[in-house]
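First comes the structure, then the notes that go with it.
2 protein chains.
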Amino acid sequence: MTAQSSNDALDDRARHLLKTLVEQYIADGQPVASRKLSKAAGSRLSPATVRNVMADLEELGFIQAPHTSAGRVPTVKGYRCFVDTMLAVKPPGPEDIARLEKELGLDVHQSTKDIARSASSLLSQLTRLAGVVTLPRATRSRLRQIEFLRLGERRALAILVFENQDVQNRVVNLDRNLTESELRQAANYLTRELAGNDVESVRSGLIDALNQTRATMNGLMVDAVTLAQQVFAGRDDETGQFVVAGETNLMDVQELSNVQRLRGLFDAFNEQRDILHLLDQSLTADGVEIFIGEESGHQLFDDCSVVTAPYRVGDEIVGVLGVIGPTRMAYERVIPIVDVTARLVAAALHPKG
Amino acid sequence: MTAQSSNDALDDRARHLLKTLVEQYIADGQPVASRKLSKAAGSRLSPATVRNVMADLEELGFIQAPHTSAGRVPTVKGYRCFVDTMLAVKPPGPEDIARLEKELGLDVHQSTKDIARSASSLLSQLTRLAGVVTLPRATRSRLRQIEFLRLGERRALAILVFENQDVQNRVVNLDRNLTESELRQAANYLTRELAGNDVESVRSGLIDALNQTRATMNGLMVDAVTLAQQVFAGRDDETGQFVVAGETNLMDVQELSNVQRLRGLFDAFNEQRDILHLLDQSLTADGVEIFIGEESGHQLFDDCSVVTAPYRVGDEIVGVLGVIGPTRMAYERVIPIVDVTARLVAAALHPKG
DNA sequence: TTTTAGCACTCGCGCCGCCACAGTGCCAAC
DNA sequence: GTTGGCACTGTGGCGGCGCGAGTGCTAAAA
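Chains A and B are the protein sequences, given in the same order.
Just so you know, the numbering used here puts 260 at position 260 of the first sequence, and the rest follows in order with no gaps.
Just so you know, the numbering used here puts 195 at position 195 of the second sequence, and the rest follows in order with no gaps.
Below, the structure is given as structure tokens:
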């Protein structure tokens, strides 16, 4: 305990040592011993003194010793303190930025899903961790056009084109056998009525429109509305899904070498469980957010950290991206990478045409 | 060596013992000892006699001992012999068949890709191994309709509808700014000209058509053909891809517990490497095919077996499906499952409308 | 000639004790 | 408050030991 011995307050020396300790541990994964720390910290403190400080830090719960006579390892609280109050972020190198800009700006992306995939893959490659990107919410993207194609006797394909150039297809069943020209008229009618709205408001506003005007509608319009109901009834294909890349990077991580643990993570990725909750929490955040170890609230991620950032189109948040890795990750590199990726994804999603 | 001592010929007793040994080993994963084998084989041979036979089998390369004083384990040659000449397949239980039929017959499948996904997932669940299904070759599926939607100044969306109800979208760039009605006419023209052909023949026959008739074409038709060239130039989005499910099942497999080995497999799944070659080999096969261990020719699969079956639409093979697991798998259960799944996928793909 | 029992031998595995090493905690001196 | 010194302790690696499993071989039985 020191001069300013309030519960959590650390004096500068302790803070500096904690910082160095976390950095050391992140760098080489070994518990940090007093001697090594004394050297690394650069100050001319002897190992013995360092030991005293370490004892204090342990008492306060920032670090812990895996066993009696080993060095110290940061606890979650230690990481948290480090990340919140002493992290010196290293902006990504220009070649990394160039790569992000290039690959996210490419014209080959046919859909927002392609962009998400690229982003996820880039995240995983730049950080050597698992990258994760939720698909941008189509609900918030405005409809531009609706089209129907007759597929068979009673089946038609509905094509929704969004202003951001995205396209969605859905097969619908027809109550009665509409001709091609009837379908075309229905499509025109619906496009006229609905274009400019996002799916969400269409879904909730549709009934109103229907009820308000039913008196003045002709038969075809009634059919059209029936069709529309079917089209928009289905769950949003892609909303709430995410794309993972580079999961296998996690297999090389010492701390996660337990196969059963890994299986848990991979299953969670595949079934899109758990992770979604976590990502959703970041939807309201303003910038990069970090969940360390147990903070995520899911046992699965006990030895993991998740670094996320929401990304926006216009001034509206439409998705979240980030990386998942061991608590012992190079935060100072990872955080800025996630940050700029979020910005660049936003840029890539911006309607250009 | 026995009465009929030609190089590979085994007498009935040796064959029976080999069969039992493989079955035993598959059942409990432990090297099989002479005593245990003597009991399991049911014949009233003493362990000593069994040992003699085992020595012969080892000399011939069918089995091997992991170390001097352990039981015996089948070699690849042993598995091969077992699978080819003494396997008694167990048809899947009625509840498994019912499940396959139900989930593959569902109407919720919007595309062939959905069917492939279901099949893959079912395969992995029924076998507790990794399921793999190539997407059916769209090249062989005939075009039914082509449609264009104007997306912006110089961009349009091409929509290809196939006779099997599949739909593909591609964004194309326009040389000049075509109006909606021009696009419609182009679409009509192309549909008239190309419907009924598969992508493959369109791609190769298109130039001919263009050249033959250029003299008699009006400007719009020229535009249409230019568009078509762009649409069909791109690689087939989905051909040659495959869907994997249940990879994580492999994490529970003893024999593959080495994390690096697993990583290799998972990377191969993600990047769709290697596996494709393997699956392609089965494209010409007539029924279930089995690659045991090194037979696959890829180091990656050294301790794995791959059981595949092609599936067809009409009488044409359009894809391959199967499972990947450890060499020590329950072939007698897996093989029939793969077999009926192939049939049922074929059925599910059959154009019903 | 084939089958069997018996026996010696080998290997793998788990266990224990040992030791060296790393690093701590504490005490006494500065 | 800081430091050097020193005793203490848990870990990890290594060798030895005993045990159990299972073989190969030999010699006797069928």
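We treat Cβ as the ideally placed atom computed from N, Cα and C, and that holds for glycine.
The model shown is predicted, which means the values in this text are computed figures rather than measured ones.
Per-residue burial, residue i [other beta carbons within 10 Å of its own, 16 or more giving buried]
{"i": "A/Val-222", "result": "exposed"}
{"i": "A/Gly-196", "result": "exposed"}
{"i": "B/Pro-94", "result": "exposed"}
{"i": "A/Ser-305", "result": "buried"}
{"i": "A/His-350", "result": "exposed"}
{"i": "B/Ser-181", "result": "exposed"}
{"i": "A/Gln-441", "result": "With chain A covering only 1 through 353, there is no way to say anything about residue 441 of chain A."}
{"i": "A/Asn-258", "result": "exposed"}
{"i": "A/Pro-92", "result": "buried"}
{"i": "A/Ser-5", "result": "Any reading at A/Ser-5 must be qualified, since the residue scores a pLDDT of 39, below 50, and its modelled position is unreliable; the value itself is stated next. Exposed, by the Cβ-count rule."}
{"i": "B/Asn-164", "result": "buried"}
{"i": "B/Asp-280", "result": "exposed"}
{"i": "B/Asn-249", "result": "buried"}
{"i": "B/Val-183", "result": "According to the sequence as given, residue 183 of chain B is Leu; it is not Val. By the 10 Å Cβ count, B/Leu-183 comes out buried."}
{"i": "A/Leu-262", "result": "buried"}
{"i": "A/Ala-233", "result": "exposed"}
{"i": "B/Gly-353", "result": "Low confidence applies here, because B/Gly-353 scores a pLDDT of 39, under 50, leaving its location unreliable; read the following figure in that light. By the 10 Å Cβ count, B/Gly-353 comes out exposed."}
{"i": "A/Glu-271", "result": "exposed"}
{"i": "B/Leu-344", "result": "buried"}
{"i": "A/Asp-426", "result": "The requested residue 426 of chain A is not part of the displayed model; chain A covers only 1 to 353."}
{"i": "B/Ala-268", "result": "buried"}
{"i": "B/Thr-327", "result": "buried"}
{"i": "B/Thr-216", "result": "exposed"}
{"i": "A/Ala-88", "result": "exposed"}
{"i": "A/Gln-260", "result": "exposed"}
{"i": "B/Ile-292", "result": "buried"}
{"i": "A/Ala-130", "result": "buried"}
Beta-bridge partners of residue i, as assigned by DSSP
{"i": "B/Ser-305", "result": "B/Ile-292, B/Gly-325"}
{"i": "B/Ile-317", "result": "B/Arg-312"}
{"i": "A/Val-225", "result": "The partner list for A/Val-225 (beta bridge, DSSP) is empty, contrary to what the question assumes."}
{"i": "B/Val-73", "result": "B/Gln-64"}
{"i": "A/Asp-198", "result": "A/Arg-142"}
CA nearest to the CA of residue i, picked from the options
{"i": "B/Glu-153", "options": "B/Asn-164, B/Val-172, B/Leu-57, B/Asp-166", "result": "B/Val-172"}
{"i": "A/Gly-61", "options": "A/Ser-121, A/Ala-9, A/Leu-100", "result": "A/Ala-9"}
{"i": "B/Thr-341", "options": "B/Ala-70, B/Ala-330, B/Val-225, B/Arg-117", "result": "B/Arg-117"}
{"i": "A/Asp-315", "options": "A/Arg-35, A/Gly-78, A/Ser-141, A/Ala-41", "result": "A/Ser-141"}
{"i": "B/Ala-346", "options": "B/Leu-135, B/Asn-218, B/Ala-27", "result": "B/Leu-135"}
{"i": "B/Leu-160", "options": "B/Ser-111, B/Ile-115, B/Asp-11", "result": "B/Ser-111"}
{"i": "B/Leu-220", "options": "B/Phe-291, B/Tyr-189, B/Gln-229, B/Leu-279", "result": "B/Tyr-189"}
{"i": "B/Val-318", "options": "B/Ser-282, B/Gln-272, B/Gly-246", "result": "B/Ser-282"}
{"i": "B/Tyr-52", "options": "B/Gly-42, B/Met-86, B/Gly-78, B/Leu-17", "result": "In the sequence as displayed, the identity of residue 52 of chain B is Asn instead of Tyr. Ranking B/Gly-42, B/Met-86, B/Gly-78, B/Leu-17 by Cα distance to B/Asn-52 puts B/Leu-17 first."}
{"i": "A/Glu-147", "options": "A/Ala-186, A/Gln-125, A/Leu-178, A/Val-132", "result": "A/Ala-186"}
{"i": "B/Ala-90", "options": "B/Val-338, B/Val-76, B/Arg-343", "result": "Contrary to the premise, residue 90 of chain B reads as Lys rather than Ala in this sequence. Measuring from the Cα of B/Lys-90, the nearest candidate turns out to be B/Val-338."}
{"i": "A/Arg-128", "options": "A/Glu-59, A/Asp-198, A/Glu-295, A/Met-251", "result": "A/Met-251"}
{"i": "A/Ala-309", "options": "A/Thr-327, A/Ala-285, A/Asp-166", "result": "A/Ala-285"}
{"i": "B/Ile-275", "options": "B/Ala-228, B/Val-313, B/Val-320", "result": "B/Val-320"}
{"i": "B/Arg-176", "options": "B/Phe-266, B/Ala-224, B/Met-329, B/Val-167", "result": "B/Ala-224"}
{"i": "A/Ile-115", "options": "A/Val-244, A/Ala-27, A/Ile-292, A/Glu-200", "result": "A/Val-244"}
{"i": "A/Val-288", "options": "A/Val-323, A/Leu-300, A/Gln-260, A/Asp-303", "result": "A/Val-323"}
{"i": "A/Asp-166", "options": "B/Glu-200, B/Ala-158, B/Phe-162", "result": "B/Ala-158"}
{"i": "B/Phe-301", "options": "B/Val-334, B/Leu-265, B/Arg-203", "result": "B/Leu-265"}
{"i": "A/Glu-23", "options": "A/Met-86, A/Ala-55, A/Thr-226", "result": "A/Met-86"}
{"i": "A/Leu-194", "options": "A/Ala-41, A/Lys-77, A/Gln-229, A/Pro-47", "result": "A/Gln-229"}
{"i": "A/Tyr-331", "options": "A/Ile-290, A/Arg-144, A/His-298, A/Pro-47", "result": "A/Ile-290"}
{"i": "B/Cys-81", "options": "B/Leu-21, B/Val-132, B/Lys-39", "result": "B/Leu-21"}
{"i": "A/Gln-125", "options": "A/Gly-246, A/Val-307, A/Leu-278, A/Leu-57", "result": "A/Gly-246"}
{"i": "B/Asp-303", "options": "B/Tyr-311, B/Ser-201, B/Val-253", "result": "B/Val-253"}
Which whole runs of the beta strand (DSSP E) in the segment 105 to 189 of chain A are 3 residues long or more, in chain order?
-> 130 to 134, 143 to 152, 155 to 162, 167 to 173
contact_flag[the segment 97 to 111 of chain A, the segment 141 to 158 of chain A] where n(CB pairs < 8 Å) is 3 or more = no
Length-filtered (4 minimum) alpha helix (DSSP H) runs lying within the segment 10 to 63 of chain B | Counting only unbroken stretches of 4 or more residues, the alpha helix (DSSP H) elements lying wholly within the segment 10 to 63 of chain B are 12 to 28, 34 to 41, 47 to 59, in sequence order.
3 or more residues per run - each beta strand (DSSP E) lying fully within the segment 237 to 289 of chain A = Counting whole runs of 3 or more residues, the segment 237 to 289 of chain A contains the beta strand (DSSP E) stretches 242 to 245.
Validate contact between the segment 53 to 72 of chain B and the segment 20 to 31 of chain B using beta carbons, cut 8 Å, 3 pairs = yes
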